[in-house]
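Chemist: Using the numbering used here, the first residue of the sequence shown is number 71, and each one after it goes up by one. Where a beta carbon is used, it is the ideal one built from N, C-alpha and C, also for glycine. Here it is: the structure, laid out below.
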Amino acid sequence: MTQDVRSSVDGDGDVLIVTAVKAERDALLRGLRNGSPFDVVAGGVGPAAAAASAAARMARRRYRLAICAGIGGGFPGRAEVGALVVADEAVAADLGTEAPEGFLSLDRLGFGSIRIPADEGKSARLAEALRSAGLPVVVGPVLTVSSATGTGETAKVRAMRVPGAAAEAMEGYGVAVAAQNMGVPFLEIRAVSNPVGPRNRGTWKIEAALERLAEAGAVIREVFG
């Protein structure tokens with residue numbers, strides 16, 4: 071079930087922000103100060119839930135921008151814990167098939183593309199504004215996966231599959247598909263809570279990442295409000 075907070079103006083030109091869970095939504099709302107023109111929805115975990123939630127919202131209202139936002143894992147050496155990652159593209163890293171010769175992505179199968187670019191101009195504006203606010207920012211591909219990485223071997227494989235990968239999460243590609251189908255510009259931003267690699271909850275910094283997400287929300291408000 072989705073959980074949302076609507077802006078006070080339910081009209082054209084608002085900004086849709088899709089998170090996975092309520093904690094991410096609430097963190098963003100602290101930074102956004104709960105105000106218009108942002109429509110924030112906790113759309114569920116995973117690309118299917120995110121796509122369905124975003125598409126349902128966009129079917130009822132016209133938006134000028136769709137943002138997928140939340141916390142996620144950062145690839146060591148690219149985005150450390152505490153950093154913000156602004157996606158230059160959302161990549162469905164595990165969408166394809168296994169084969170004797172290795173993984174075959176959707177592109178290689180000829181069924182579409184696993185990559186959807188973020189709006190270049192808006193991504194650049196957001197990244198620059200975050201830097202100006204003194205926040206640590208990395209720009210690069212954000213992987214969307216249905217099963218989060220839990221081993222060093224999987225982290226290595228996914229980093230090789232998408233050179234330059236900065237972060238991993240579970241919803242961006244779904245929101246990107248919905249936005250692309252509706253002709254709405256798309257952005258993704260992630261606050262890094264843990265390194266991509268062996269699963270070790272003891273090293274996760276969830277609360278710190280949520281606070282970083284709230285700080286990003288304040289910048290989003292200034293740039294796109």
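Should residue 66 be labelled buried (16 or more other beta-carbon atoms within 10 Å of its own) or exposed?
Modeler: The shown model of the chain, from 71 to 295, leaves out residue 66, and the question about it has no answer.
Chemist: If you reduce the DSSP assignment to three classes, tell me which class residue 78 lands in.
Modeler: Confidence in residue 78 is poor, its pLDDT being 33 and thus under 50, which makes the residue's placement unreliable; the coordinate value appears in the next sentence. Coil.
Chemist: For residue 153, which three-state DSSP category applies?
Modeler: In the structure shown, residue 153 sits in coil (DSSP, three-state: anything other than H, G, I, E or B).
Chemist: What first and last residue would you give for the alpha helix (DSSP H) that runs through residue 263?
Modeler: Where residue 263 is concerned, there is no enclosing alpha helix (DSSP H), although the beta strand (DSSP E) it sits in stretches over 256 to 265.
Chemist: Would a C-beta distance cut-off of 8 Å place residue 188 and residue 158 closer than the cut-off?
Modeler: Yes, these two residues count as a Cβ contact at 8 Å.
Chemist: On the CB-based measure, 16 or more other CB atoms within 10 Å of its CB, does residue 225 come out buried or exposed?
Modeler: When all chains shown are included, residue 225 counts as buried.
Chemist: Can you tell me whether DSSP reads residue 97 as helix, strand or coil?
Modeler: Helix at residue 97.
Chemist: Would you mind giving the Cβ-Cβ distance between residue 139 and residue 89, rounded to the nearest angstrom? I have them listed as a contact below 8 Å.
Modeler: At roughly 6 Å, the Cβ-Cβ gap stays under 8 Å, so residue 139 and residue 89 are in contact.
Chemist: Restricting to Cα atoms, I'd like to know which of 272, 243 and 285 is closest to residue 261.
Modeler: It is 285 whose Cα lies nearest to the Cα of residue 261.
Chemist: Do residue 127 and residue 111 count as a contact pair if the criterion is CB distance below 8 Å?
Modeler: Yes, they are a contact pair.
Chemist: Would you call residue 230 buried or exposed, if buried means 16 or more other Cβ atoms sit within 10 Å of its Cβ?
Modeler: The residue is exposed, with fewer than 16 neighbouring Cβ atoms inside 10 Å.
Chemist: Measure the alpha-carbon distance for residue 190 versus residue 252 and round it to whole angstroms.
Modeler: Distance between the alpha carbons of residue 190 and residue 252 is about 18 Å.
Chemist: Helix, strand or coil for residue 72 per DSSP?
Modeler: The pLDDT assigned to residue 72 is 49, lower than 50, so where the model puts this residue is not dependable; a value taken from the coordinates is nonetheless given after this. In this structure, residue 72 counts as coil in the three-state DSSP scheme.
Chemist: Which value, in whole angstroms, describes the spacing of the CA atoms of residue 209 and residue 86?
Modeler: Their Cα atoms are separated by approximately 21 Å.
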